[in-house]
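Going by my numbering, 251 is the number at position 242 of the sequence shown; the sequence numbering is gapless. Cβ coordinates follow ideal geometry from the N, Cα and C atoms, glycine included.
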Amino acid sequence: MTDSPLIRRLFGTAALLSLASPLQAQTPDLAVPDEAQEETNGEPPIIVTAARTQLPASALPLTVDIIGPEDLDEQLAIGGSIVDAVSALSPSFSPTRQKLTGAGESLRGRSPLYAINGIPQSTPVRDGSRDGFTIDPFFIDRVELIYGSNALQGIGATGGVVNQVIVSPPREDGLSGRAMLQASADDDLTGDGFGWKAAGLGSWRGGAIDVTAGAAYERRGVFFDGEDRIIGPDGAQGEIQDSDSWSAFGRIGLRVGDSGRLELIANRFELEGDNEYVAVPGNPAIGLPTTGVPGATPGLAPSNRVETVSLSFTDDELAGGNLVAQFFYNRTRDIFGGGTFGTFQDPSIAPVGSLFDQSANRSRKLGSRFSYERAILDDLTATVGFDTLFDRTEQSLVLTGRSWVPEVDFRSLAPFAQLNWALFDDVLRLAGGARWENVRTRIADFQTLAVYGSQMVEGGNPSFDDLLLNGGVIVEPLPGIRAYASYAEGYTLADIGRILRGIDTPGVDVDNFLDLTPVISNNREIGVEVDRGPLTASATYFWSSSDLGSRLELIGGAY
Numbered sequence: 010m011t012d013s014p015l016i017r018r019l020f021g022t023a024a025l026l027s028l029a030s031p032l033q034a035q036t037p038d039l040a041v042p043d044e045a046q047e048e049t050n051g052e053p054p055i056i057v058t059a060a061r062t063q064l065p066a067s068a069l070p071l072t073v074d075i076i077g078p079e080d081l082d083e084q085l086a087i088g089g090s091i092v093d094a095v096s097a098l099s100p101s102f103s104p105t106r107q108k109l110t111g112a113g114e115s116l117r118g119r120s121p122l123y124a125i126n127g128i129p130q131s132t133p134v135r136d137g138s139r140d141g142f143t144i145d146p147f148f149i150d151r152v153e154l155i156y157g158s159n160a161l162q163g164i165g166a167t168g169g170v171v172n173q174v175i176v177s178p179p180r181e182d183g184l185s186g187r188a189m190l191q192a193s194a195d196d197d198l199t200g201d202g203f204g205w206k207a208a209g210l211g212s213w214r215g216g217a218i219d220v221t222a223g224a225a226y227e228r229r230g231v232f233f234d235g236e237d238r239i240i241g242p243d244g245a246q247g248e249i250q251d252s253d254s255w256s257a258f259g260r261i262g263l264r265v266g267d268s269g270r271l272e273l274i275a276n277r278f279e280l281e282g283d284n285e286y287v288a289v290p291g292n293p294a295i296g297l298p299t300t301g302v303p304g305a306t307p308g309l310a311p312s313n314r315v316e317t318v319s320l321s322f323t324d325d326e327l328a329g330g331n332l333v334a335q336f337f338y339n340r341t342r343d344i345f346g347g348g349t350f351g352t353f354q355d356p357s358i359a360p361v362g363s364l365f366d367q368s369a370n371r372s373r374k375l376g377s378r379f380s381y382e383r384a385i386l387d388d389l390t391a392t393v394g395f396d397t398l399f400d401r402t403e404q405s406l407v408l409t410g411r412s413w414v415p416e417v418d419f420r421s422l423a424p425f426a427q428l429n430w431a432l433f434d435d436v437l438r439l440a441g442g443a444r445w446e447n448v449r450t451r452i453a454d455f456q457t458l459a460v461y462g463s464q465m466v467e468g469g470n471p472s473f474d475d476l477l478l479n480g481g482v483i484v485e486p487l488p489g490i491r492a493y494a495s496y497a498e499g500y501t502l503a504d505i506g507r508i509l510r511g512i513d514t515p516g517v518d519v520d521n522f523l524d525l526t527p528v529i530s531n532n533r534e535i536g537v538e539v540d541r542g543p544l545t546a547s548a549t550y551f552w553s554s555s556d557l558g559s560r561l562e563l564i565g566g567a568y
């Protein structure tokens with residue numbers, strides 16, 4: 010069992026600034042139907058924005074959790090990241106590795122889709138597994154968890170959705186804000202284990218306009234196990250220990266009419282290792298773990314940089330329904346650790362075995378999310394929408410300028426529709442819908458690395474179309490007691506980049522070589538929930554399956 014200085018906090022979070030009242034969690038300014046105003050145990054209903062509906066969670070045949078501000082702050086004071094908080098509070102989430110990479114971490118045994126206000130953080134063409142660290146948690150108000158495979162947010166949610174909802178805009182005119190300062194150290198108070206964080210957020214509202222801006226900086230020390238040994242650093246995938254992170258956040262909001270809101274949000278996050286420690290291999294046969302010692306490695310330190318801008322418009326009284334329209338831009342750069350891996354060797358550059366290099370993923374996403382929901386009958390609610398995603402990703406070797414994974418353009422167009430029908434005074438609900446995914450890729454001609462024979466590969470345009478279904482039934486004989494059964498499909502793709510970069514056969518045509526058939530996962534579950542009086546309990550049985558899968562093999566030691 011490991012014990013890091015992030016778990017042994019000596020100094021808690023302290024509020025340093027309060028110009029007015031601290032920013033509090035609140036439901037976004039979206040429409041809530043009258044039936045969603047019903048309360049259980051005197052509490053307002055939970056609205057899960059990641060579910061693409063304003064119906065309360067009790068009206069959905071899903072297993073959902075909300076990590077609210079209090080629980081989130083408590084976990085962040087201990088673990089320091091959203092991934093740590095989700096792992097600690099959700100038994101369906103695997104134990105976190107406390108690394109920059111999320112490879113190997115899962116929700117219900119499959120990969121989760123991380124999102125910020127519904128904006129996907131993944132890179133579907135070449136998965137860098139850095140999507141759990143794309144915003145400082147100081148700017149997050151709550152986390153919405155939707156369990157099980159689904160296509161509510163598009164590609165990637167084969168295990169579920171982890172949606173991070175940013176802090177709410179100010180509710181009253183004037184200035185408000187909050188700040189925090191915290192520090193951490195190992196139990197021996199050594200310099201290696203010391204870390205600290207400072208962050209601040211300020212808001213102003215005047216009439217129809219509001220502005221919010223903030224910044225955060227965190228310095229993390231090294232982590233120690235129970236024997237006071239430095240935990241072995243992951244030099245290839247990247248570390249959060251012995252690292253620095255910077256984040257800036259801004260938002261401008263404008264009330265439009267009586268029910269509309271226009272909102273522009275920008276976020277920049279960067280986490281970079283200090284490259285001051287190297288791993289010492291352990292020996293499993295004698296129970297000796299990999300540890301770390303001071304030392305430097307050549308090349309650039311592993312890092313993660315994310316920049317996101319979104320423009321959204323919401324109107325909760327548009328023609329009797331609720332409109333949500335969002336446009337977003339997201340750019341990421343993931344640098345991985347290097348080495349003299351066999352994959353990187355090229356005798357035309359340096360003698361075989363001596364060439365040091367490292368790779369970087371660069372991805373750019375443009376997308377939109379549109380949905381409109383309204384009651385078409387007294388008890389029948391319909392939601393229609395259309396999502397687009399345009400992703401361009403490549404992986405290069407940063408020290409020699411070579412292309413490892415060619416530039417791949419990914420395009421997804423996805424209309425969807427959902428129905429939710431309440432019967433017998435809401436005792437019975439039927440819900441279901443479909444999402445049609447139309448995916449196209451474009452890959453230009455490219456040449457593989459020397460280790461693969463410098464093969465010339467003819468590009469192409471692999472594509473697929475698929476209809477993804479979901480449906481469920483809910484029975485609520487008494488308020489606060491409900492049972493449900495559901496079926497939902499989610500999808501992902503095999504790692505296109507890994508497949509393309511390893512081609513070692515002459516005369517390959519991508520259109521005939523690359524099978525873009527989606528990996529569709531099917532989630533079936535039965536659940537019972539009780540939230541009545543002093544009793545709150547739930548039990549869920551689920552099973553997940555897919556006809557296709559993938560197996561990845563490490564070749565040459567490089568990522």
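- Secondary structure of Ile295 (DSSP, three-state): helix.
- For Arg117, the secondary structure class from DSSP, reduced to helix, strand or coil, is coil.
- Nearest Cα to Asp387 within the set Asp518, Gly296 and Trp430: Trp430.
- Beta-bridge partners assigned by DSSP to Ala546: Val539.
- Taking every protein chain shown into account, the CB of Trp413 has 16 or more other CB atoms within 10 angstroms, so this residue is buried.
- Annotation for Asp140: Gly111, Tyr123, Gln130 and Ser131 place their beta carbon closer than 7 Å to its own, counting only its chain and skipping 5 residues before and after.
- Sixteen is the threshold: when 16 or more other Cβ atoms of the shown chains lie within 10 Å of the Cβ of Asp136, as they do, the residue is buried.
- Scanning its chain for C-beta atoms nearer than 7 Å, with the 5 sequence neighbours on each side dropped, one finds around Phe353 the residues Leu364, Asp366, Leu406 and Ala567, in chain order.
- A distance below 8 Å separates the beta carbons of Pro70 and Ala494.
- The secondary-structure analysis by DSSP pairs Leu477 across a beta bridge with Arg444.
- When DSSP states are grouped into helix, strand and coil, Thr300 belongs to the strand group.
- Gly304 is the residue among Gly441, Ser368, Gly259 and Gly304 whose C-alpha sits nearest the C-alpha of Pro242.
- Contact check for Pro54 and Ser67: beta-carbon distance about 7 Å, within the 8 Å limit, so the pair qualifies.
- A straight-line Cα-Cα distance of about 42 Å links Ser268 and Glu281.
- Put simply, of Glu382, Gly204 and Ile261 the residue whose alpha carbon is nearest the alpha carbon of Asp219 is Ile261.
- The shortest CA-to-CA distance from Gln464 to any of Phe455, Gly329, Val95 and Ile91 is the one to Phe455.
- With respect to Lys374, Glu248 sits apart: the two C-beta atoms are not nearer than 8 Å.
- Distance from the CA of Val517 to the CA of Pro415, rounded to the nearest whole angstrom, comes to 14 Å.
- In the DSSP assignment, Asp80 falls within the unbroken alpha helix (DSSP H) covering Pro78 to Ile87.
- Around Ala548, the same chain offers Val537 as residues with beta carbons nearer than 6 Å, after the five sequence neighbours per side are excluded.
- Ranking Thr62, Leu502 and Val57 by CA distance to the CA of Ala384 puts Thr62 first.
- Each residue's CA atom was taken as its position, placing Gly216 and Asp182 some 7 Å apart.
- When DSSP states are grouped into helix, strand and coil, Ser363 belongs to the coil group.
- Per DSSP, reduced to three states, the secondary structure at Ser101 is coil, with no helix or strand assignment.
- Annotated three-state conformation of Pro486 is strand, per DSSP.
- Under the three-state reduction of DSSP output, Ile508 falls in the helix class.
- The C-beta distance from Tyr461 to Ile505 rounds to 16 Å, too long to fall under 8 Å, and the pair is not in contact.
- With a contact defined as Cβ atoms closer than 8 Å, Gly211 and Ala225 miss out at about 13 Å.
- Excluding residues up to 5 positions away in sequence, Glu114 and Ser115 lie with their Cβ nearer than 6 Å to the Cβ of Ser103 in the same chain.
- Pro424 sits in a strand when the DSSP states are folded into three classes.
- Only residues of its own chain outside the window of five on either side were considered, and among them Arg119, Ser120, Ser158, Gly499, Thr501 and Ser530 have a CB closer than 6 Å to the CB of Thr167, listed in chain order.
- Taking the C-beta atoms as reference points, Pro307 is found no nearer than 8 Å to Ile344.
- The beta carbons of Glu485 and Asp540 sit no closer together than 8 Å.
- Contact between Phe379 and Phe395 holds, with the beta-carbon distance rounding to 5 Å and staying under 8 Å.
- Nearest in C-alpha terms to Arg151, of all of Leu161, Ile164, Thr143 and Ser177, is Ser177.
- Between the C-alpha atoms of Gly235 and Ser554 there is a straight-line separation of about 38 Å.
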